[in-house]
Amino acid sequence: MPPTLAERLGHGVDDHLLIVTCGDLGTSHASNLGGYAAVREGWATGASLVVPAPWARDAASRYRGEDLGVELTLNSEWEILRWGPTTRAPSLLDGDGGFPRTVQELWDNADIDEVRREGRTQIERAILWGFDVSHLSSRLDALPRRPEFFDVALELAVEFGLPLRLPDAEEERAIGFPLRRLAVEEGVLSPDHVLTLTTGGLRPPLDTVLRNLSPGVTELCVSPASDTPELRAAAPDWKLRVEDLQLLVDDPNARARVAASGVILVDYRALRELQRAGG
């Protein structure tokens with residue numbers, strides 16, 4: 032059998048590797064404060080930037096070389112706070128002047144050439160701002176879940192030499208096409224498993240999350256943010272975002288529990304360098 036991703040990264044086949052990614056950087060000042068605090072003072076290992084969002088340039092001004100990816104964004108799902116294309120892309124606008132709120136609306140109306148141009152521009156803008164982009168992901172998983180949109184994400188991952196977060200094998204069966212195999216054939220790496228800390232508004236204890244990790248590389252997606260009036264007004268799930276920050280930064284025992292569990296914290300740069308080396 033070919034070596035597992037963990038083995039190619041220099042670890043054992045049964046080791047549990049964990050990437051902890053702070054999403055939504057750039058969507059609010061609160062998310063910028065929370066995301067960078069989680070990486071610099073907490074046990075998060077990286078973050079992802081929403082380039083078209085209103086606070087993205089502020090995120091760039093605060094950047095100090097952290098492991099940071101681009102969250103390819105074609106949706107603007109919040110009711111109050113809106114953002115839209117960085118390019119001239121009429122098919123990516125809804126009647127409210129921003130990106131579509133739902134993934135289905137995006138799929139029904141988007142022109143694939145405009146999707147490709149918008150995605151490439153978002154990556155190039157992040158690079159222009161000075162980010163050492165480590166990976167790609169997709170807001171609301173809009174790109175990987177439809178074949179023609181997945182092709183765009185995969186093309187960009189190959190073009191820029193970047194790993195691409197993909198739904199794991201269990202979700203892939205429901206999606207209905209072999210996206211992970213297609214990525215492997217193009218030499219694009221992705222974590223083996225993807226978790227969110229909160230599902231349906233419920234948050235399992237950290238010890239339960241750590242205990243239930245599968246062998247291999249798992250990405251844990253979080254959205255830490257500082258508790259501000261702006262966040263409370265804009266984000267309907269603001270309480271969960273504040274709780275993410277508390278767990279990652281303010282819980283004095285969380286880092287020790289992660290270490291005691293035997294979980295090995297890694298970042299996307301390790302995957303990027305392996306991918307670019309042809310691994």
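Number 310 marks the last residue of the sequence shown (my numbering); no jumps. Think of the CB as a built atom: it goes at the ideal place given N, C-alpha and C, for glycine as much as any other residue. Given the structure is predicted, the values throughout are model-derived calculations rather than measurements.
Excluding five sequence positions before and after residue 111, the CB atoms of its chain that fall closer than 8 Å to its own CB belong to 264, 265, given in chain order.
As computed with DSSP, residue 77 is found in a beta bridge with 52. Annotation: residue 42 is outside any beta strand (DSSP E) and is labelled neither H nor E by DSSP.
Three or more beta-carbon pairs drawn from the stretch 167-187 and the stretch 96-107 are found closer than 8 Å, and the two stretches are therefore classed as touching. Excluding five sequence positions before and after residue 35, the CB atoms of its chain that fall closer than 7 Å to its own CB belong to 44, 247, given in chain order. Counted as a single uninterrupted DSSP element, the alpha helix (DSSP H) harbouring residue 152 occupies residues 143-159. Residue pairing by DSSP puts residue 224 in a beta bridge opposite 249. In this structure, the alpha-carbon of residue 299 lies about 8 Å from that of residue 76.
DSSP places residue 100 in the uninterrupted beta strand (DSSP E) bounded by 99-103. Annotated three-state conformation of residue 124 is coil, per DSSP.
With respect to the 8 Å criterion, residue 81 and residue 115 are not classified as neighbours on the basis of their beta carbons.
Residue pairing by DSSP places residue 59 opposite no residue, since no beta bridge is assigned to it. Residues of the same chain with a CB within less than 6 Å of the CB of residue 242, apart from the 5 flanking positions on each side, do not exist. If you look at residue 92, you'll find it in the alpha helix (DSSP H) that goes 87-92. Residue 206 and residue 47 do not touch by the CB rule: their CB atoms are close to 25 Å apart, not below 8 Å.
Here the alpha carbon of residue 201 sits roughly 30 Å from the alpha carbon of residue 73. Ranked by Cα distance from residue 147, the options 119, 238, 220 are led by 119. With a cut-off of 8 Å on Cβ pairs, the stretch 186-198 is in contact with the stretch 216-224, counting three or more such pairs. Distance between residue 142 and residue 131, taken at the CA atoms: about 13 Å.
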